[in-house]
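Structure first, then comments.
Residue numbers (this note's numbering), protein chains in the order written: chain B, 39 to 225; chain L, 19 to 338.
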């Protein structure tokens, strides 16, 4: 089941939800909860659904204090999600749980490398992400999964944009080395 | 003479500077190049990327694609109930109530702090000090009462200081004692009556120090009335029956049967005394008292005391 396309601009829904519209908040939930769940899942959170609901509940509670447009709202939601994820990790204090997921069927594209990536199970993707440090993984996921710009990632993680760029560069270099090693191994 | 390297133009102690053919801005260009590539990799645009970065860009694309296929997690009942209750924005009433509660708590804390500071220094009004003292006593905190003020702090002290003696000592009326001239007063004691140096009569009773709050005729502080005609506290009659230590009264003709263990300092004491532990300072005190026991050497050179004790336990006296 694929989720409906999220609204391109969340600003109107945010304003309506702040005014007390339940329907508007449900729109925001549908737009952001799947991405939040994916961010939590790739970070190794165990009970993704529960934590996603907790994140959105906190968003709803603090919505009255939020000011900004849809983009800022998106960044704010992932800031909350990241903090809740860190809290969850501290409380569990164990290694990230690898979630077993079925390999999803994908169409063959003709590109051997892309087809190989498509054939990767979620577990294999997760193992690739696990070679990154927690900070590097958070940066990569916030950039790729949450589609946040550098500044928003810096704000969410409480770091300087330059540090985020550096983390991102090292993360991508690490991924490149691992993918190259795997390709050689397969060859 | 300094030794030079064969190649005089090269100083080995210095890092060589850029040569004309060096690409000085290369590192910065590489960094910018990396940043551009990084953004392209994150965006999944693998067209213009170097070959070694293409797998990473495809990895990013795949990761994004799978995240978008993530199903919408079901909304929990708790979140749904929260939405229905409409707790999105705290109501102004609740905010104001919370703020007023905080202000009230702060005000109470400030009042308690002020009361505590004042009570600890015994500077509160008498009634308030007593209330605070008794309240603090419930919690085991020792806060002085208002009547424990020293140095004329309270009316009680002043009242106690200089009440005229109930029996102004007629010089030598009942002298003959050798006790101190100015003794403190015991509650039931038979005063250590000072000797009247010139008096033939019964022993003069030393002046009593001001008694605190009229309790049992016992004082822990010396009277502050320099010329007070001391009053007896607790002494009914100044009937000395004890033996007093050798007086220092050079002319003392009086006797004292007082129980004052402390030397009085009444130079002309016509005072009362008995059982008091503190030396009075009534120089001209006339008082009454009863005492039993031994009195220390009096220092009343001209002491003339009376043997008439004050009937009251309290000794309100003159105000300064």
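We treat Cβ as the ideally placed atom computed from N, Cα and C, and that holds for glycine.
Among the candidates the options, whose CA atom is the shortest distance from the CA of residue i?
i                      : options                       : result
residue 91 of chain B  : L:100, L:75 and L:104         : L:100
residue 139 of chain L : L:122, L:156 and L:162        : L:162
residue 179 of chain B : L:81, L:131 and L:121         : L:81
residue 147 of chain L : L:96, L:157 and L:133         : L:133
residue 90 of chain L  : B:126, B:111, B:65 and B:81   : B:65
residue 68 of chain B  : B:94, B:79, B:214 and B:78    : B:94
residue 100 of chain B : B:61, B:55 and B:84           : B:55
residue 52 of chain L  : B:211, B:162, B:105 and B:172 : B:211
residue 204 of chain B : B:218, B:125 and B:176        : B:176
residue 215 of chain B : L:55, L:120 and L:73          : L:73
residue 172 of chain B : B:82, B:51, B:52 and B:71     : B:82
residue 275 of chain B : L:119, L:59 and L:70          : The shown model of chain B, from 39 to 225, leaves out residue 275 of chain B, and the question about it has no answer.
residue 104 of chain B : B:57, B:208 and B:174         : B:57
residue 207 of chain B : L:126, L:57 and L:160         : L:57
residue 98 of chain L  : B:160, B:130, B:194 and B:61  : B:61
residue 201 of chain B : B:116, B:213 and B:174        : B:174
residue 115 of chain B : B:129, B:77, B:130 and B:128  : B:77
residue 71 of chain B  : L:85, L:54 and L:55           : L:85
residue 130 of chain L : L:154, L:55 and L:68          : L:154
residue 94 of chain L  : B:128, B:121 and B:96         : B:96
residue 168 of chain B : B:130, B:128 and B:209        : B:209
So, at 7 Å on beta carbons, what are the nonlocal neighbours of residue i in its own chain, with the 5 sequence-adjacent residues on each side left out?
i                      : result
residue 73 of chain B  : 183 and 184
residue 47 of chain B  : 108
residue 98 of chain B  : 63
residue 64 of chain L  : 72, 75 and 76
residue 136 of chain L : 142
residue 126 of chain B : 83 and 89
residue 150 of chain L : 133, 137, 142 and 161
residue 162 of chain B : none
residue 111 of chain B : 48, 52 and 104
residue 156 of chain L : none
residue 170 of chain B : 178, 209 and 212
For residue i, which residues of its own chain have a beta-carbon under 8 Å away from its beta-carbon, when the five flanking residues on both sides are left out?
i                      : result
residue 198 of chain B : 192
residue 78 of chain L  : 59, 60, 61 and 62
residue 117 of chain L : none
residue 217 of chain B : 166
residue 15 of chain L  : Outside the modelled stretch of chain L, which goes from 19 to 338, sits residue 15 of chain L, for which no answer is possible.
residue 311 of chain B : The first residue shown for chain B is 39 and the last is 225, placing residue 311 of chain B beyond what the model contains.
residue 123 of chain B : 77, 78, 81, 83 and 89
For residue i, which residues in the same chain have their Cβ closer than 6 Å to its Cβ, ignoring the five residues on either side in sequence?
i                      : result
residue 107 of chain B : 49
residue 75 of chain B  : 86 and 90
residue 164 of chain L : 144, 147, 148 and 172
residue 244 of chain B : Residue 244 of chain B lies beyond the residue range present for chain B, which begins at 39 and ends at 225; the question has no answer from this structure.
residue 165 of chain B : none
residue 117 of chain B : 194
Quick one: which residues of the region 145-160 of chain L get their C-beta closer than 8 Å to a C-beta of chain B? List them in chain order.
Those residues of the region 145-160 of chain L that come within reach of chain B (Cβ to Cβ, closer than 8 Å) do not exist; the list is empty.
Mind pulling the beta strand (DSSP E) runs of 3 or more residues that sit fully within the region 71-143 of chain B?
none
For the region 170-189 of chain B, enumerate the residues whose C-beta is nearer than 7 Å to any C-beta of chain L, in chain order.
So the close ones are 181, 182 and 183.
Would you list, in chain order, the members of the region 84-97 of chain B that have their beta-carbon closer than 8 Å to a beta-carbon of chain L?
86, 87, 88, 90, 91, 94 and 95
Return the residues of the region 60-87 of chain B that lie within a Cβ-Cβ distance of less than 8 Å from chain L, sorted by chain order.
60, 63, 64, 67, 68, 71, 72, 73, 75, 76, 77, 79, 80, 86 and 87
For the region 87-99 of chain L, list every residue whose C-beta sits within 8 Å of some C-beta in chain B, in sequence order.
87, 88, 89, 90, 91, 92, 93, 94, 96 and 97
List, from N- to C-terminal side, the alpha helix (DSSP H) runs of 4 residues or more that fit wholly inside the region 162-223 of chain B.
Correct list: 172-182 and 188-195.
To test your reading of the DSSP string, which unbroken beta strand (DSSP E) runs of 3 or more residues are found completely within the region 74-156 of chain L?
none
Positions along the region 190-219 of chain B whose CB lies within less than 8 Å of some CB in chain L
Answer in chain order: 203, 206, 207, 210, 213, 214, 217 and 218.
Which residues of the region 103-118 of chain B have a Cβ closer than 8 Å to any Cβ of chain L? Give them in chain order.
none
Go through the region 48-74 of chain B residue by residue and report every complete run of the beta strand (DSSP E) that reaches 3 residues or more, in order.
As far as the region 48-74 of chain B is concerned, it has no whole beta strand (DSSP E) run of at least 3 residues.
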